[in-house]
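Residue numbers (the UniProt record's numbering): 1 to 62.
Even glycine gets a Cβ: it sits at the ideal position worked out from N, Cα and C.
All values reported here derive from a predicted model rather than from experimental measurement.
Take a look at the structure set out below.
So, in structure tokens, the structure goes:
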């Protein structure tokens with residue numbers, strides 16, 4: 001006869017593994033979203049600095 005302890009442990013693992021995987025995937029998604037927002041902010045700042053640099057160069061030429 002199958003030991004009830006093994007059956008309950010198997011059921012617990014069967015239920016808990018997908019839940020843990022779901023939470024880990026959610027955390028990874030949040031981290032990636034934050035990274036992309038940081039990259040977008042940095043690229044926006046870089047664009048602003050490039051525009052300002054071009055303006056200064058044009059002023060120096062005049």
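For residue i, does the three-state DSSP call read helix, strand or coil?
i         : result
residue 2 : coil
Please report whether the beta-carbon of residue i lies at a distance below 8 angstroms from any beta-carbon of chain C.
i          : result
residue 44 : Chain labels in this structure do not include chain C; a single protein chain is all it has.
Where residue i and residue j are concerned, what is the direct C-alpha to C-alpha distance, given to the nearest angstrom?
i          : j          : result
residue 37 : residue 4  : 50 angstroms
residue 54 : residue 48 : 10 angstroms
residue 60 : residue 40 : 30 angstroms
residue 27 : residue 16 : 17 angstroms
residue 23 : residue 30 : 11 angstroms
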